[in-house]
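Colleague:
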Amino acid sequence: MSALTVEPLPEDAPAILTYIPPAAGSLAETVARALRELEAAAVELFPAWLPGAEGIEGPGGASVIAVRTLALRAASTSRHFGPFLADLAESALRGVPVSSRFTPEVRAAGLARVLASGFGRSQAAILVRVPERLSASEEDVLVAACEWLAARGGFGVWLAGDLTASADRVEPVTLRFPGRDGRISPRWSAHPVERAIVYPAVSGSPHPGSKAEKTLEKALASRPWAQGRAWNQTYRSHPLTNPIRVDLLWHDERCAVEIDGEEHLKPDHFAADRQRDVRLQLDGYAVLRFTNTQVLTDVEKVVGQLEQFLQGRRNGLLEGKRHG
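Below, the structure is given as structure tokens:
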């Protein structure tokens, strides 16, 4: 199921975020917790959802006034609610929690629009992982919270996992994926989850939730030889093949870079990675893989290896043109 939030989706698909909720409390608590996580995701995605704010960093000077003005301007020609959008933009710029002066209904609807806009989509959907071993009452609360998000926020909501007590309140759908028998297990990994909400990257930028990608970009930004790079690009070798997403790409030099977390050590991830690598290599790309740990503990070494490879590729291309 993680493919729904990692691999490129059809152009008419909604923006999809995966939410891993804790065991449900009351309905109000469950909704409030979900809204906090969605707001945190929206703040991380800034400025992807606010046109014109790309070069504004930090709250100093007239930055706060600038982003609030941009937000009100964007709302005047769209479905966004201006005051909510302005507050959210200011919170993202200041790096402080979002103000709660708006009702949950306003926040839910506003976040659905913001998250959709951030990914260049018309709608947003939430893939909710159903925790294991929920009691009947906890399951009822979780389903009720999802119904609330759908009705009040306008989100599409999908629940993935086993439902028993509340099964009659949702429409069941069976998904089949390539694999042993085309089916997937409803059980999720027993490994602890670091983030309660997961979402794909925005094309052209490091993933907001990836410290490794942001660290590498910061190191590359001051290197003239690193020009031509493009983060989180969709690559398709042929119109009939499925598109894949590449973390970092130098197109002219045919260099694809992947920054891998621990999840890539799992057998299914490892096999999928190898298939992606072969597709890229058959098209003439070199695939360089680094782990998050490598980037975070010694980014200069990673940068040095990238420079060495790219300069070698460029020299080879230059020599080829001379002899051509």
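Using UniProt numbering, the final residue of the sequence shown is 324, and nothing's skipped along the way.
Built from N, CA and C at the ideal position, the CB exists for glycine as well.
For alanine 230, I'd like the list of residues in its chain whose CB is within less than 6 Å of its CB, leaving aside the five on either flank, ordered along the chain.
Modeller: Counting from 1 along the sequence shown, the entry for residue 230 is found at position 230. Hits under 6 Å: Leu249.
Colleague: Using only CA atoms, which one of Tyr19, Thr234 and Arg236 lies nearest to isoleucine 126?
Modeller: Here residue 126 corresponds to residue number 126 of the sequence shown, with the count starting at 1. Ranking Tyr19, Thr234 and Arg236 by Cα distance to isoleucine 126 puts Tyr19 first.
Colleague: What's the gap between the Cα of alanine 124 and the Cα of alanine 144?
Modeller: Working through the sequence shown from its first residue, we reach residue 124 at position 124. Working through the sequence shown from its first residue, we reach residue 144 at position 144. Cα to Cα, the separation comes out at about 19 Å.
Colleague: Given glutamate 307, which residues of its chain have a CB within under 8 Å of its CB, disregarding the five upstream and five downstream residues?
Modeller: Here residue 307 refers to the residue found at position 307 of the sequence shown. Cβ within range, chain order: Arg223, Trp225 and Ala226.
Colleague: Can you tell which of Pro131, Glu105 and Glu213 has the C-alpha that lies nearest to the C-alpha of threonine 297?
Modeller: Reading the sequence shown from its first residue, position 297 is the one you call residue 297. Nearest of Pro131, Glu105 and Glu213 to threonine 297, Cα basis: Glu213.
Colleague: Less than 8 Å between C-beta atoms, sequence neighbours within five positions excluded: which residues of the same chain meet that for alanine 32?
Modeller: As a working note, residue 32 is residue 32 in the sequence shown. Here the set comprises Pro104.
Colleague: Would you kindly work out how many angstroms separate the C-alpha atoms of threonine 293 and glutamate 217, rounded to a whole number?
Modeller: In the sequence shown, counting from the first residue as 1, residue 293 sits at position 293. In the sequence shown, counting from the first residue as 1, residue 217 sits at position 217. Whole-angstrom Cα-Cα distance: 15 Å.
Colleague: By the 10 Å Cβ neighbour count, where 16 or more other Cβ atoms means buried, how is phenylalanine 81 classified, buried or exposed?
Modeller: On the sequence shown, residue 81 is found 81 positions in, with the first residue counted as 1. By the 10 Å Cβ count, phenylalanine 81 comes out buried.
Colleague: Whole angstroms are fine: how far does the CA of glycine 25 sit from the CA of leucine 134?
Modeller: On the sequence shown, residue 134 is found 134 positions in, with the first residue counted as 1. On the sequence shown, residue 25 is found 25 positions in, with the first residue counted as 1. When rounded, the distance between both Cα atoms is 11 Å.
Colleague: On the DSSP bridge assignment, give the partners of aspartate 260 in chain order.
Modeller: Residue 260 sits at position 260 when you count from the first residue of the sequence shown. Partner(s): Thr291.
Colleague: Taking the straight line between their C-alpha atoms, what separation do you get for glutamate 253 and glutamine 233?
Modeller: Against the sequence shown, residue 253 aligns to sequence position 253. Against the sequence shown, residue 233 aligns to sequence position 233. Spanning the alpha carbons of glutamate 253 and glutamine 233 requires a straight line of approximately 15 Å.
Colleague: Under three-state DSSP, which class holds isoleucine 20?
Modeller: If you number the sequence shown from 1, residue 20 lands on position 20. Coil.
Colleague: Indicate whether the contact test is met: 3 or more Cβ pairs, each with one atom in the segment 262-281 and one in the segment 308-315, closer than 8 Å.
Modeller: no
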